[in-house]
């Protein structure tokens, strides 16, 4: 029986276990979207994970969603990430950068311009801005001729990532951000080749992934998806058909993996497992699953065909999560008040488990 602690061949890398650290926004970047020494320490502390996927990294200025997040679209940003990748590799880890274009989930106060999206439809909800939470603005609908430029922004960021020492990249195609907006039938009201039918709604995702594969190779490229999630008001229709069509288009590209969140019915996700010929990462957590790290849920999804299991929130307070799961040790609780406030408290201050005696 496959367990979380078995080795796994992922592309050209051998992972020592099947535990993946999922992306977690922590807004600790320096001015200009630069990675910091504290970020290097944070990721290095968690390098026992089979694979780390970083917080969302903006691939362009207009792609930034939240204040305080890091970027990968300038030479200076790429250089700043080298301390992070070096620290993770020194501690024996492997790390992918998650590339996250926020699309309409952004604000002029954050990026200095009007956000863009598939259509002029605002996201649902209040956004973080430099001066507090504010309603999402109406984005500027991208012209047809502009769309490929945003698809290729992932590829340019991926080149920067590889130059910075990352082992690969994960395109954030989930949770209501730009790729997810194109997949949506409420955020995407387009009537051109990028909207309407399933074939058209998946086109942007396919173009972004294809460009990234051409830039850095399929073995260095993954994508995260949240079928049917509806986050930020990006509701989807024809979910099983659309995601099956998307995976069929992506299959020939030789991706490192597809990363699925538990955001739709289990039978749909199991069907997507059957449809996807490559490595599948499953995140069996909130909103459809347990909110805490759960070895039982992880083992169940390994039995259902997942190759790797990702954990998000549990890694905040448990830098040694792999060992805690291995030994069935208590899982520490994180302090939610420290998630997005900056500084090292609640970031670098969680210890490994201490055995008594």
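Numbering (my numbering), first residue to last: 61 to 417.
Using N, Cα and C, we set each Cβ at its ideal position, and we do this for glycine too.
Keep in mind it's a predicted model, so treat the numbers as computed, not measured.
Residues 90 of the same chain have their beta carbon placed closer than 6 Å to that of residue 96, with the five preceding and five following residues left out of the count.
Scanning the stretch 113-184 from its first residue to its last, the whole alpha helix (DSSP H) runs of 4-plus residues come out as 135-150 and 168-171. Here the stretch 362-378 makes contact with the stretch 61-79; the two share three or more CB pairs at distances below 8 Å. Between residue 108 and residue 153, the C-beta gap is smaller than 9 Å, which places the two residues in contact. Non-local beta-carbon contacts of residue 376 in its own chain, meaning distances under 6 Å to residues more than five positions away in sequence, involve 394 in chain order. In this model, residue 161 and residue 120 are separated by some 8 Å (Cα to Cα). With a beta-carbon spacing of about 22 Å, residue 208 and residue 158 fall beyond the 8 Å limit used to define contacts.
Under the rule that a run must span 4 or more residues, the alpha helix (DSSP H) segments found entirely inside the stretch 293-356 read 299-310 and 326-335. Residue 88 and residue 275 have their alpha carbons spaced roughly 28 Å apart. In the structure shown, residue 229 falls within a strand segment according to DSSP collapsed to helix, strand and coil. Remark: C-beta atoms of residue 181 and residue 195 do not approach each other more closely than 9 Å.
Assigned with DSSP and collapsed to three states, residue 66 falls in coil, not helix or strand.
When DSSP states are grouped into helix, strand and coil, residue 370 belongs to the strand group. Residue 80: member of the beta strand (DSSP E) spanning 79-81, first to last residue. For residue 102, the CB contacts under 7 Å within the same chain, skipping 5 residues up- and downstream, are 407 and 408 in chain order.
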